Amino acid sequence: MTAAPQPDRGLVLVVEDEQPIADLIRLYLTRDGFGVHVCADGDSGLAAARRLRPVLAVLDIALPGISGTEICRRLRADDDWTPVIFLTARDDEVDRVVGLELGADDYVTKPFSPRELVARVRAIRRRSLGTPGGQPVRTVGGVTLDPARRTVTADSHPVALTSTEFDLLDHLMRRPGRVYTREELLASVWGYAAHAGTRTVDVHVAQVRAKLGTAATVIRTVRGVGYTADG
Ligand code: CA
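Take a look at the structure:
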């Protein structure tokens with residue numbers, strides 16, 4: 001243990017019914033300066049997310065009461081884009097969690113290292129805090145992105161993106177025509193090395209395209225290499 005906890009990085013909501021796991025997450029996040037609120041079932045987790053307005057939510061999927069995915073779905077239905085990291089029990093849950101319009105920002109597969117979870121929490125926080133003012137509004141093709149206000153329009157219609165989806169699109173649009181590999185995007189957007197698997201990038205790109213609708217062609221797949229934004 002190092003210095004005393006300094007809960008000034010914001011409150012993280014943890015919804016996890018396995019108490020040893022919840023305790024471990026609480027320990028590591030507290031040590032890292034986050035405030036932590038733990039709920040052990042889905043219904044109280046959803047209520048806490050609405051009441052406490054956490055800076056981020058860590059949601060187990062299988063919970064007593066409503067599931068973690070249902071919590072996320074209901075928050076998004078209320079236009080609440082609090083960043084969400086899912087704890088998944090199996091690898092085959094990953095596509096379901098990251099895709100399918102759940103609006104998750106990241107996931108970790110159990111058993112996971114608490115350090116890795118903390119690194120992902122930090123990465124998401126850094127990204128959502130890290131957009132300085134004064135950056136120009138970017139337009140590529142039919143898509144306009146405002147880095148300061150974190151808003152996106154596609155063919156003049158507002159588009160609601162998760163924090164991760166926004167950052168992915170923002171990164172691609174900073175240098176139109178530049179081709180990024182999946183590994184580069186993982187490192188730059190997610191903030192950690194590619195061990196997580198590059199299909200994370202593919203499912204998020206698919207999700208962004210689905211939301212951009214007719215303007216989706218702004219993200220072009222470069223076969224065998226990666227992705228680029230161009231008009
Ligand atoms: Ca569980």
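Note that the numbering used here numbers the sequence shown so that position 22 is 22, with each residue one more than the last. Glycine residues also receive a C-beta, built at the ideal position from the N, C-alpha and C atoms. Bear in mind that the values here come from a model prediction, so they are computed numbers and not experimental data.
Heavy atom of ligand 1 within 7 angstroms of residue i beta-carbon
i, result
"A40", "no"
"L24", "no"
Counterpart residues of residue i in DSSP-defined beta bridges
i, result
"Y28", "None; Y28 has no bridge partner."
"V38", "V14"
"V222", "G226"
"F86", "L59, Y107"
Proximity of residue i and residue j at Cβ, strictly below 8 angstroms
i, j, result
"T214", "R220", "no"
"Y180", "L172", "yes"
"L13", "L52", "yes"
"L251", "A49", "Past the boundaries of the shown model lies residue 251; the chain is included only from 1 to 231, so the question cannot be answered."
"D60", "I85", "no"
"L117", "A154", "no"
"E70", "V38", "no"
"L29", "V121", "yes"
"A160", "D79", "yes"
"D8", "G45", "no"
"T139", "W81", "no"
"I124", "L56", "yes"
"T144", "K110", "no"
"R231", "G141", "Note on identity: in this sequence residue 231 is Gly, with Arg being the wrong assignment. Result yes, Cβ atoms of G231 and G141 sit closer than 8 angstroms."
Worksheet item: Can you list the alpha helix (DSSP H) stretches of 4 or more residues lying completely in the region 129-217, in chain order?
Response: 163-174, 182-185, 199-212
Discussion item. Can you tell me which residues fall inside 6 angstroms of ligand 1, judged by beta-carbon distance to its nearest heavy atom, and keep chain order?
Written reply: D17, E18, D60, A62, L63
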